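So for the sequence shown, my numbering puts the first residue at 21; every next one is plus one. Shown next, in structure tokens, is the structure this report addresses.
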Amino acid sequence: MVHLIDDFYFQQHIHPRNEIGNKYSFGNIIIIAGSTGKWGASLLASKAALRAGSGLVTAIVSEDYEESFLSFCPEVMHLREWNLSKILSYDAIGIGPGIGLDDATKHHLKELMRKYEGPMVLDADALNIISTTENLKGFLKPQHVLTPHYGEASRLFGKKVSDSNAVQLGLEFVQKYPCTLILKGPNSKIISSEGIVYQNTSGNDALATAGSGDVLTGIITSFLGKKYDPIQAASLSVFVHGKLAEICLEEQSKSSVIASDLIEKLKGFEL
Ligand SMILES: NC(=O)C1=CN([C@@H]2O[C@H](COP(=O)(O)OP(=O)(O)OC[C@H]3O[C@@H](n4cnc5c(N)ncnc54)[C@H](O)[C@@H]3O)[C@@H](O)[C@H]2O)[C@@H](O)CC1
Ligand SMILES: Nc1ncnc2c1ncn2[C@@H]1O[C@H](COP(=O)(O)OP(=O)(O)O)[C@@H](O)[C@H]1O
Ligand SMILES: [Mg+2]
21 MVHLIDDFYF QQHIHPRNEI GNKYSFGNII IIAGSTGKWG ASLLASKAAL RAGSGLVTAI
81 VSEDYEESFL SFCPEVMHLR EWNLSKILSY DAIGIGPGIG LDDATKHHLK ELMRKYEGPM
141 VLDADALNII STTENLKGFL KPQHVLTPHY GEASRLFGKK VSDSNAVQLG LEFVQKYPCT
201 LILKGPNSKI ISSEGIVYQN TSGNDALATA GSGDVLTGII TSFLGKKYDP IQAASLSVFV
261 HGKLAEICLE EQSKSSVIAS DLIEKLKGFE L
């Protein structure tokens with residue numbers, strides 16, 4: 021049986037805002053994304069997390085890019101380099117977009133997967149590293165939300181993924197490595213660590229644009245930082261992400277939608 025994620029599901033699962041909360045009540049999260057030529061991925065994920073309601077967002081940003089980052093989004097705090105003990109203290113982590121595949125990055129990801137017990141989104145290059153690094157899959161946990169598109173899923177599962185086999189391969193994967201899996205695409209499928217399957221009903225092909233997955237990573241990390249269960253964080257985020265694209269089309273064409281437009285539309289959501 022497949023559970024549909026629709027307006028009713030959203031209304032049933034979204035928590036009311038804590039009106040006496042302070043910024044720490046809304047989650048203190050870190051985005052680990054970007055590298056030379058790809059810092060935009062970090063900006064998009066970090067800003068999306070803030071607009072999805074995170075109280076505090078920190079990003080790892082190299083010193084030479086710090087100023088441009090600040091001019092785009094001064095609300096995001098910065099770590100200039102990897103600092104494991106500090107990173108382990110955040111309520112939730114989003115890692116992967118644009119981080120690259122070099123040895124230091126692989127080592128850092130491995131350290132994090134072994135030592136961090138909190139909720140974590142693993143996207144893009146984090147998934148590519150898991151796919152190619154011996155034994156890393158064994159560190160996956162139910163509180164890890166993996167967000168592969170079909171290309172990344174094919175690398176992760178070691179088999180070509182298509183609409184006809186995606187859910188079956190996903191179910192086999194979570195049975196072996198319990199984690200929360202989002203198979204991204206039109207009508208994204210979400211599989212819980214116990215093997216329950218959900219299907220999203222929102223969204224459209226305006227989402228097929230650079231960085232729209234990075235925005236999703238930021239939104240999921242934000243929900244996790246607010247203490248939503250991994251499966252709720254995943255399903256509510258995918259639904260909202262799709263809605264953002266629908267709302268964009270009220271005033272622009274599909275082809276003109278860029279990832280930053282999606283972030284702007286978060287202004288209409290109380291998350
Ligand atoms: N502004 C930025 O800094 C941006 C950074 N990005 C980051 O850049 C990194 C590399 O992005 P790439 O686009 O090169 O990597 P991808 O992993 O998206 O693409 C690599 C290959 O995977 C396959 N693929 C991609 N999407 C697929 C799909 N939906 N179904 C089947 N196969 C698919 C294609 O063969 C493609 O050549 C990622 O970490 C990504 O998060 C991108 O999000 C774009 C924007
Ligand atoms: N044709 C489509 N219809 C609906 N959603 C789509 C379509 N194409 C892509 N998407 C959505 O857009 C996002 C793309 O993510 P991803 O491929 O990781 O992009 P990037 O890495 O450039 O940020 C996913 O959430 C996916 O579900
Ligand atoms: Mg991506």
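Just so it is clear, CB atoms sit at the ideal spot from N, CA and C, and this is done for glycine as well. Small disclaimer: the values here were computed from a predicted structure and weren't measured.
Cross-strand partners of residue i (DSSP beta bridge)
{"i": "residue 114", "result": "51, 141"}
{"i": "residue 342", "result": "Nothing about residue 342 can be read from this structure; the chain reaches only from 21 to 291."}
{"i": "residue 77", "result": "49"}
{"i": "residue 200", "result": "165"}
{"i": "residue 211", "result": "201, 217"}
{"i": "residue 97", "result": "78"}
Residues near residue i by beta carbon distance below 6 Å, same chain, minus five either side
{"i": "residue 81", "result": "89, 98"}
{"i": "residue 61", "result": "53, 54, 117, 118, 234"}
{"i": "residue 210", "result": "202, 218, 254, 255"}
{"i": "residue 291", "result": "72, 73"}
Beta-carbon contacts of residue i that lie in its chain and below 7 Å, excluding the five residues immediately before and after
{"i": "residue 157", "result": "150, 197"}
{"i": "residue 47", "result": "74, 75, 111, 112, 242, 245, 246"}
{"i": "residue 229", "result": "277, 278, 279"}
Any non-hydrogen atom of ligand 1 closer than 6 Å to residue i Cβ
{"i": "residue 170", "result": "yes"}
{"i": "residue 161", "result": "no"}
{"i": "residue 117", "result": "yes"}
Own chain partners of residue i with C-beta closer than 8 Å, once the 5 adjacent residues on each side are dropped
{"i": "residue 207", "result": "219, 220, 221, 223"}
{"i": "residue 293", "result": "Residue 293 lies beyond the stretch modelled for the chain, which goes from 21 to 291, so this question has no answer here."}
{"i": "residue 49", "result": "69, 74, 76, 77, 78, 110, 111, 112, 113, 114, 241, 242, 244, 245"}
Heavy atom of ligand 3 within 6 Å of residue i beta-carbon
{"i": "residue 144", "result": "yes"}
{"i": "residue 233", "result": "yes"}
Expected contact under 8 Å - CB spacing of residue i and residue j to nearest Å
{"i": "residue 200", "j": "residue 265", "result": "Their Cβ separation, rounded to whole angstroms, is 22 Å, which puts residue 200 and residue 265 out of contact at 8 Å."}
{"i": "residue 232", "j": "residue 173", "result": "About 17 Å separates the two Cβ atoms, so there is no contact after all."}
{"i": "residue 115", "j": "residue 77", "result": "The pair is not a contact, with the Cβ atoms about 14 Å apart (cut-off 8 Å)."}
heavy atom of ligand 2 below 6 Å from residue i C-beta
{"i": "residue 204", "result": "yes"}
{"i": "residue 225", "result": "yes"}
{"i": "residue 253", "result": "no"}
{"i": "residue 147", "result": "no"}
{"i": "residue 66", "result": "no"}
is_contact[residue i, chain B] using C-beta, thresh 7 Å
{"i": "residue 235", "result": "Looking at the structure shown, chain B is missing, and only one protein chain is on hand."}
Review point. Does the count of Cβ pairs from the segment 251-268 and the segment 127-134 closer than 8 Å reach three?
Key: no
Review point. Do the segment 57-73 and the segment 274-286 meet, that is, are 3 or more Cβ pairs less than 8 Å apart?
Key: Contact between the segment 57-73 and the segment 274-286 is present, with at least three C-beta pairs closer than 8 Å.
Point to revise | Stretch pair the segment 163-170 + the segment 135-144: three plus CB contacts closer than 8 Å | key: yes
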